[in-house]
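Trainee:
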Amino acid sequence: MLFSDIFGYDALKNRLIKSVHENRVSHSQLLFGPEGTPKLALAIAYAQYVNCLSRTENDSCGVCSSCVKYNHLAHPDLHFIYPVATTKEIDSKPKSRDFIAPWRELVLETRANFSLTDWYDKIGMAETKQAIINAEDAGEVVRTLALKAFEADYKVLILWMVERMNPTSANRLLKVLEEPPEKTLFLLITEDPDQILSTILSRTQLIKIPAMSEAVIVTQLQNRFDFSLAEAARIALLSEGNWLTACRIAQAGGQEGASAGDFIEWLRDIFRLGTSRFWAEASLSVLQRAAVFARSGRESQKSFLLMAMRMVRFVMLQGLGASGMVKLEGAEAKFTVDFSPFVHADNAPLYYDLLQESHNNIERNANAQLLFIDLSYQFERIMRIPNPKQ
Ligand SMILES: [Zn+2]
0 MLFSDIFGYD
10 ALKNRLIKSV
20 HENRVSHSQL
30 LFGPEGTPKL
40 ALAIAYAQYV
50 NCLSRTENDS
60 CGVCSSCVKY
70 NHLAHPDLHF
80 IYPVATTKEI
90 DSKPKSRDFI
100 APWRELVLET
110 RANFSLTDWY
120 DKIGMAETKQ
130 AIINAEDAGE
140 VVRTLALKAF
150 EADYKVLILW
160 MVERMNPTSA
170 NRLLKVLEEP
180 PEKTLFLLIT
190 EDPDQILSTI
200 LSRTQLIKIP
210 AMSEAVIVTQ
220 LQNRFDFSLA
230 EAARIALLSE
240 GNWLTACRIA
250 QAGGQEGASA
260 GDFIEWLRDI
270 FRLGTSRFWA
280 EASLSVLQRA
290 AVFARSGRES
300 QKSFLLMAMR
310 MVRFVMLQGL
320 GASGMVKLEG
330 AEAKFTVDFS
340 PFVHADNAPL
350 YYDLLQESHN
360 NIERNANAQL
370 LFIDLSYQFE
380 RIMRIPNPKQ
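Note that numbering that gives the first Met the number 0 numbers the sequence shown so that position 44 is 43, with each residue one more than the last.
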C-alpha cells in the first residue's frame with residue numbers, strides 16, 4: 000500500500016512521512032476515526048514506508064524487497080490482529096492467524112477500505128455472532144514480537160478494531176505497550192476510542208482521522224463511477240463523510256437501499272398506534288416488523304437504526320426551515336415534510352437518544368425483537384409530545 004493509493008488526507012500523510020524523516024517514529028500509535036475513513040490503509044502505508052529500503056521523499060518505492068512483500072501483506076515482520084469468531088471452517092478457538100488468507104484477500108481487493116460487516120461476510124461469520132480479539136490471539140503475537148525481527152528494520156503489529164478486545168487481551172496488550180520490544184511499531188486502529196482502556200490510550204500517540212471531506216468524495220465518485228457533478232454531490236451529502244456508504248449508494252446506481260422506505264412505513268404504523276381506529280391493525284404490524292427485524296441480523300439492525308437517526312435529523316432540518324440541506328427526493332423528501340410537525344424542539348433529542356441507545360444495546364447483544372417492540376411504543380409516546388409551536 001502506497002500513500003499515493005489513498006486519496007485525500009494530505010496533511011495527515013505529510014505528518015506521518017515527516018515523522019520517519021525526522022526519526023521520530025513513536026512505537027505505539029492509535030489511529031481513530033469513523034467508519035469509511037482510511038485508517039487501515041494509512042497504517043499499512045505508514046508501516047511500508049518505515050520499512051522501505053529505498054523510500055522517496057513522499058512515498059515508498061513499491062519495488063524493493065520489503066515493498067514487494069508488503070504489497071502482498073506477506074512480510075514476515077508484519078503482523079495483524081483483528082476480531083474473529085467461530086465459523087463453519089474454524090469451529091473452535093479462532094485466532095487471527097486462522098483467517099490470514101481471507102484477511103489478505105479482503106485488504107488487497109478493497110485497498111483496505113471495508114467495514115466490520117464486510118469482514119464478517121468475508122469469513123462467513125453468522126451475523127448473530129459477535130467477533131472479538133481474544134487473549135490467545137494477543138498472547139501469540141506478543142510472543143512473536145518478543146523475537147528478533149526476521150529481516151525488517153521495524154517489526155509491525157497492526158491491530159484492527161482494538162475496541163473489540165476483551166479485558167484479558169487488553170491487559171496483555173497494555174503490558175507489552177508498557178515495555179515494548181526493541182524496534183517494534185504498534186499501530187492500533189479503532190472506530191470508537193471511548194471503549195478503549197484509558198491506560199492504553201495514555202500509552203499511544205493519538206492520530207485522529209476525520210471523516211472524508213465532501214469535496215474528496217465528490218471527486219472520487221466522479222473518477223470511479225462516472226457520475227455527473229450534481230449526482231456525485233448528492234451522494235456525497237447522503238454519505239456524510241463515509242466513503243463506504245458513498246460506494247454502496249454509487250454501486251446501487253445512486254439509489255439508497257429500501258431501508259429508508261421501511262423506516263417510513265414503520266413510522267406510519269407507529270402513528271396509527273395512537274389512533275383508536277387503526278390501533279389493532281398497527282399493533283399487529285409492529286409485531287410482524289419486530290420479527291423481521293430480529294431475523295435480519297445484527298449488522299442490518301444497526302444500519303437500520305443509523306439510517307433512522309439520519310432520517311430524524313433530516314426531518315428536524317425540514318422543521319427548522321433548512322429544507323435546502325435535506326438532500327432527499329421523491330417519497331423520502333415528502334416524508335420529511337409530512338412528518339416534520341411531529342419532530343420539534345421538545346422531542347427531537349428524545350427520538351435521537353432512543354435510537355442511539357437502541358443501537359448500543361444491539362451491539363451488546365440485546366434481544367432484537369423485544370427491543371424493536373419497545374422502541375416502537377416509546378416512539379409512539381415521543382410522537383405524542385405536543386409541538387410547542389402548534
Ligand atoms: Zn520500497
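C-beta atoms are modelled at their ideal positions from N, C-alpha and C, and glycine is treated no differently.
How far does the beta strand (DSSP E) with Gln434 in it reach, from first residue to last?
Mentor: Absent from the structure is residue 434, since the part of the chain shown begins at 0 and ends at 389.
Trainee: Could you pull the start and end residues of the beta strand (DSSP E) that Val217 belongs to?
Mentor: Here residue 217 corresponds to residue number 218 of the sequence shown, with the count starting at 1. Here Val217 belongs to no beta strand (DSSP E); instead the alpha helix (DSSP H) covers 213-224.
Trainee: Which of helix, strand or coil does DSSP assign to Ser295?
Mentor: Your numbering for residue 295 matches position 296 in the sequence shown. Coil at Ser295, not helix or strand.
Trainee: Locate the beta strand (DSSP E) running through Gln28, then write down its first and last residues.
Mentor: In the sequence shown, counting from the first residue as 1, residue 28 sits at position 29. Unbroken beta strand (DSSP E) run through Gln28: 27-31.
Trainee: Give me, in chain order, the residues of the same chain whose beta-carbon lies closer than 6 Å to that of Val342; leave out the 5 immediate sequence neighbours on both sides.
Mentor: One-based indexing of the sequence shown puts residue 342 at position 343. The answer, listed in chain order, is Val314, Met315, Gly318.
Trainee: Whose C-beta lies closer than 7 Å to the C-beta of Cys60 among residues of the same chain, with five residues either side of it excluded?
Mentor: To locate residue 60, count along the sequence shown from 1; it is residue 61. Correct list, in chain order: Cys51, Ser53, Arg54, Cys66.
Trainee: Just to check my reading of the structure: Ala293 and Ala367 have Cβ atoms closer than 8 Å, yes? What is that Cβ distance to the nearest angstrom?
Mentor: Counting from one through the sequence shown, the residue named residue 293 turns up at place 294. Counting from one through the sequence shown, the residue named residue 367 turns up at place 368. Yes, Ala293 and Ala367 are in contact; Cβ-Cβ is about 4 Å, under 8 Å.
Trainee: CB of Val62 to nearest heavy atom of ligand 1: below 8 Å?
Mentor: Counting from one through the sequence shown, the residue named residue 62 turns up at place 63. Yes, since a heavy atom of ligand 1 falls inside the 8 Å radius drawn around the Cβ of Val62.
Trainee: Inspect the beta-carbon positions of Leu1 and Leu41 and report whether they are closer than 9 Å.
Mentor: Here residue 1 corresponds to residue number 2 of the sequence shown, with the count starting at 1. Here residue 41 corresponds to residue number 42 of the sequence shown, with the count starting at 1. Not a contact, by the Cβ cut-off of 9 Å.
Trainee: Compare the Cα-Cα distances from Asp152 to each of Leu370, Leu184, Asn133, Arg276 and report the closest residue.
Mentor: On the sequence shown, residue 152 is found 153 positions in, with the first residue counted as 1. Closest option to Asp152, Cα to Cα, is Leu184.
Trainee: Do Gly138 and Arg404 come within 9 Å of each other at the CB atom, strictly closer than that value?
Mentor: Only positions 0 to 389 of the chain appear in this structure, which leaves residue 404 out of reach.
Trainee: Cutting at 6 Å between CB atoms, please list the residues of its own chain near Met382, excluding the five before and the five after it.
Mentor: In the sequence shown, counting from the first residue as 1, residue 382 sits at position 383. Here the set comprises Phe341.
Trainee: With DSSP collapsed to three states, give me the class of Leu156.
Mentor: For the purposes of this step, residue 156 is taken as residue 157 along the sequence shown, with counting starting at 1. Leu156: strand per DSSP, three-state reduction.
Trainee: Which value, in whole angstroms, describes the spacing of the CA atoms of Glu379 and Phe270?
Mentor: Walking along the sequence shown from the start, residue 379 turns up at place 380. Walking along the sequence shown from the start, residue 270 turns up at place 271. Spanning the two alpha carbons is a distance of roughly 7 Å.
Trainee: If we ignore side chains and look at the alpha-carbon of each, how far apart do Ser18 and Val49 end up?
Mentor: As a working note, residue 18 is residue 19 in the sequence shown. As a working note, residue 49 is residue 50 in the sequence shown. Ser18 and Val49: Cα-Cα distance of roughly 10 Å.
Trainee: Assuming contact is defined by CB atoms lying nearer than 9 Å, are Tyr81 and Ile132 in contact in what I supplied?
Mentor: In the sequence shown, counting from the first residue as 1, residue 81 sits at position 82. In the sequence shown, counting from the first residue as 1, residue 132 sits at position 133. Yes, these two residues count as a Cβ contact at 9 Å.
Trainee: Would you decide whether Gly256 is buried or exposed? Buried here means 16 or more other CB atoms lie within 10 Å of its CB.
Mentor: Here residue 256 refers to the residue found at position 257 when the sequence shown is read from its first residue. Model confidence at Gly256 stands at a pLDDT of 46, short of 50, so the residue's coordinates are unreliable and nothing is read from them.
Trainee: Does any heavy atom of ligand 1 sit closer than 8 Å to the C-beta of Leu52?
Mentor: On the sequence shown, position 53 is the one that residue 52 refers to. Indeed, a heavy atom of ligand 1 lies less than 8 Å from the Cβ.
Trainee: Check the DSSP bridge columns for Met164 and list the partner residues they point to.
Mentor: As a first step, residue 164 is located in the sequence shown; it is residue number 165 there, counting from the start. Partner(s): Ile132.
Trainee: Quick one: does the C-beta of Ser3 sit closer than 8 Å to a heavy atom of ligand 1?
Mentor: Within the sequence shown, numbered from 1, the residue matching residue 3 stands at position 4. The answer is no for Ser3.
Trainee: What is the DSSP secondary structure of Leu196, reduced to helix, strand or coil?
Mentor: Taking the sequence shown and counting its residues from 1, one reaches residue 196 at position 197. Here Leu196 sits in coil by DSSP.
Trainee: Under the rule that 16 or more other beta-carbon atoms within 10 Å means buried, what is Val71, buried or exposed?
Mentor: Translated into the one-based positions of the sequence shown, residue 71 becomes position 72. Checking the sequence, you will find His at residue 71 rather than Val. His71 is exposed by the Cβ-count criterion.
Trainee: Does the distance between the C-beta of Cys66 and the nearest non-hydrogen atom of ligand 1 fall short of 8 Å?
Mentor: As a working mapping, residue 66 is identified with position 67 in the sequence shown. Because some heavy atom of ligand 1 lies under 8 Å away, the Cβ of Cys66 counts as near it: yes.
Trainee: Taking the beta carbon of Asn13 as the centre, do at least 16 other beta carbons fall within 10 Å, making it buried, or is it exposed?
Mentor: As a working note, residue 13 is residue 14 in the sequence shown. Result: exposed.
Trainee: Judging by CA-CA distance, which residue of Leu146, Phe338, Cys63 is the nearest neighbour of Glu264?
Mentor: For the purposes of this step, residue 264 is taken as the residue at position 265 of the sequence shown. Looking at the Cα atoms, Phe338 is the closest of the given residues.
Trainee: Express the C-alpha separation of Ile206 and Val141 in angstroms, rounding to a whole number.
Mentor: For the purposes of this step, residue 141 is taken as residue 142 along the sequence shown, with counting starting at 1. For the purposes of this step, residue 206 is taken as residue 207 along the sequence shown, with counting starting at 1. Cα to Cα, Val141 sits roughly 23 Å from Ile206.
Trainee: Going by DSSP in three states, Pro387 sits in which element: helix, strand or coil?
Mentor: Numbered from its first residue, the sequence shown carries residue 387 at position 388. If DSSP states are grouped into helix, strand and coil, Pro387 belongs with coil.
Trainee: Does DSSP put His343 in a helix, in a strand, or in coil?
Mentor: Taking the sequence shown and counting its residues from 1, one reaches residue 343 at position 344. Of the three classes helix, strand and coil, the one that applies to His343 here is coil, per DSSP.
Trainee: Please state the DSSP three-state secondary structure of Ala257.
Mentor: Taking the first residue of the sequence shown as position 1, residue 257 is located at position 258. Here the model assigns Ala257 a pLDDT of 42, short of 50, so the residue's position is not dependable, and the following value carries that caveat. Correct three-state label for Ala257: coil.
Trainee: To the nearest whole angstrom, what separates the beta carbons of Pro192 and Phe334, a pair I think is in contact under 8 Å?
Mentor: In the sequence shown, counting from the first residue as 1, residue 192 sits at position 193. In the sequence shown, counting from the first residue as 1, residue 334 sits at position 335. 35 Å between Cβ atoms; not a contact.
Trainee: Looking at the strands, I want to know which residues DSSP matches up with Leu237.
Mentor: What you label residue 237 is simply residue 238 of the sequence shown in a count that begins at 1. For Leu237, which the question treats as bridged, DSSP gives no partner whatsoever.
Trainee: Have a look at Pro387 and Asn360 and give me their C-alpha separation to the nearest angstrom.
Mentor: As a working mapping, residue 387 is identified with position 388 in the sequence shown. As a working mapping, residue 360 is identified with position 361 in the sequence shown. In a straight line, the C-alpha of Pro387 is about 31 Å away from that of Asn360.
Trainee: Please identify the residue among Pro209, Leu156, Asp120 whose C-alpha is closest to the C-alpha of His78.
Mentor: To locate residue 78, count along the sequence shown from 1; it is residue 79. Minimum Cα distance to His78 is reached at Leu156.
Trainee: Within its chain, find whatever has a CB closer than 6 Å to the CB of Ser25; leave out the 5 residues flanking it on each side and keep chain order.
Mentor: The count along the sequence shown starts at 1 and reaches residue 25 at position 26. Contacts found: Gln204.
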